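K.L.:
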Amino acid sequence: MAVTFKDVARLAGVSTQTVSRVTNGADNVAEETRKRVNDAIKKLGYVPNKGAQMLSRASSRIIGLVSLDISLHGVALIANGVRNQAHEMNYATALAVLGDNSIEEFRMAIRELIAQQVDAIIINAPVTKEMAETLIEQFSQLTLMFIDVPENTQANHIRCDHQVGARLAVQHLIEQKRDSFICISGPIASTASSIRYKEWQRQIHQNGLQEVAYYEGDWQANSGYHAVKDALLKGVSFDAVLVANDQMALGVLCALSEAGVKVPKTVSVVGFDGIQDSQFFSPPLTTIKQDFNELGRKAVKLVLNQMEKGESVVSEMLPVHLVVRESTSKKADTLYDKQEVLVHLEHIRRLLP
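Position one of the sequence shown corresponds to residue 1 (the UniProt record's numbering), numbered consecutively onward.
(1) Can you list, in chain order, the residues of its chain with a C-beta nearer than 8 Å to that of M145? Leave out the 5 residues immediately preceding and following it.
(2) S237: buried (16+ other C-beta within 10 angstroms of its C-beta) or exposed?
(3) Taking 9 Å as the CB-CB cut-off, is L98 touching chain D?
(4) Am I right that G181 and A240 are in contact with their C-beta atoms under 8 Å? What's the rounded C-beta distance?
(5) Helix, strand or coil for R107, going by three-state DSSP, please let me know.
(6) With a threshold of 16 other CB atoms inside 10 Å of the CB of G13, please say whether the residue is buried or exposed.
(7) Hey, out of Q117, A30 and T134, whose CA is closest to I62's CA?
(8) Helix, strand or coil, according to DSSP, for N38 in the structure here?
(9) May I ask you to verify whether the stretch 132–148 touches the stretch 259–266, counting CB pairs closer than 8 Å and requiring at least 3?
(10) In the DSSP output, which residue or residues are listed as bridge partners for E133?
(11) If you draw a straight line from the alpha carbon of D308 to that of V19, how long is it in whole angstroms?
(12) Have a look at S104 and D273 and give me their C-alpha separation to the nearest angstrom.
(13) Considering only residues of the same chain and omitting the five flanking positions on each side of V324, which have a CB-CB separation below 6 Å?
(14) Measuring only the C-alpha atoms, how far is V127 from G186?
(15) Looking at the unbroken alpha helix (DSSP H) that takes in E326, where does it start and where does it end?
(16) How about K177 and K42: are their beta carbons less than 9 Å apart?
(17) Do G260 and A221 come within 9 Å of each other at the CB atom, strictly closer than that value?
(18) Closest to R202 by CA distance: which of S223, Q163, A192 and D218 is it?
(19) Taking the runs of the beta strand (DSSP E) that are 3 residues or longer, which of them lie wholly in the stretch 245–274?
(20) Is it right to say E199 is buried, meaning 16 or more other beta carbons lie within 10 angstroms of its own, or is it exposed?
(21) Cutting at 6 Å between CB atoms, please list the residues of its own chain near A166, excluding the five before and the five after it.
(22) What residues in its chain sit with their C-beta under 7 Å from that of L142, if we drop five residues either side in the sequence?
Structure below.
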């Protein structure tokens, strides 16, 4: 016999209305009561009748997306992948953009989407393990899929292989005989950023090389620009820059160009993301390519499959690969360019009487 609201209410010692408020993520429930209801749900193995929910909502067929600022290139591409895949599966898409990464912002965003009668929600914003598990418990009537969550979290999640990508970046620079690295991560609250930075560190230290400076960026080009400007003003000696995304790498290239530092002759730069525009940077950027569109598409497929089948926690890792362009090259064995010296000598010779 199927477990009902009444069974949950009876075990938890509350009314069916209270069970309804808890499963719909309402605020007006005491935490102790919410815990009793959720404990009863887990003990009885109660699963909200999504078929009945959809009938009562005239089968809305809407995928919700909670997202960071969509002006960020990668975020916009993921959102586009979500929208396209949802459309192909006859679902609409509802978007809620976060003002910040507080738990209250996430709650408000999810409630905004619930009001639009979404069937499941994809969360493309960094969350802690505790935050993710709190949201899963509070909004237990919905299937949630996370894109930026710690690996040890009991939550549905999908990500690209940030660790392999970071390793490929360092190994490529080692092959180019680079040995003094500036590392520019994204926000440290981001699991994706943290994984990349930790793997950079591991590879640098394991190979007996130096991390001469570290900066925490914000995914925007200006944070990469200001990081390198600061390093140059402080007289930091470096021959390579590892950057956690391509937009920040654009700022890095601009700062080096303004300072007259030649890329890749003096300093090599590697980005991360492989956005289409990175091939038109000056010089074209060597980067780690991740497929944002496929990430968004796969997230939709996984969350809908999970919603329909109600399986245990699902996770998936998408591959990345190194794209080598002109922003990296082998470090010269000498500190000068022989051809440049010959040109200057010829110029001097012509000036002599």
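Every residue gets a Cβ at the ideal spot worked out from N, C-alpha and C, and that includes glycine. Owing to the predicted nature of the structure, the values given are computational and were not obtained by experimental measurement.
P.N.:
The structure says:
(1) A120, I121, I122, I123, N156, H157, I158, A299, L302, V303 and Q306
(2) exposed
(3) Going by chain labels, chain D is absent from the structure shown, which holds only one protein chain.
(4) The sequence as given places Phe at residue 181; Gly does not occur at that position. Indeed, because the Cβ distance is near 5 Å, the residues count as touching under 8 Å.
(5) helix
(6) exposed
(7) Q117
(8) helix
(9) no
(10) Per DSSP, none; premise fails for E133.
(11) In the sequence under discussion, the amino acid at residue 308 is Glu, which differs from the Asp named in the question. Their backbone Cα atoms lie some 22 Å apart in a straight line.
(12) The sequence shown places Glu at residue 104, rather than the Ser named in the question. Looking at the two C-alpha atoms, the distance is approximately 30 Å.
(13) T286
(14) 14 Å
(15) Unbroken run through E326: none, as it is neither H nor E.
(16) no
(17) no
(18) Q163
(19) 268–273
(20) buried
(21) R196, E199 and W200
(22) A120 and I121
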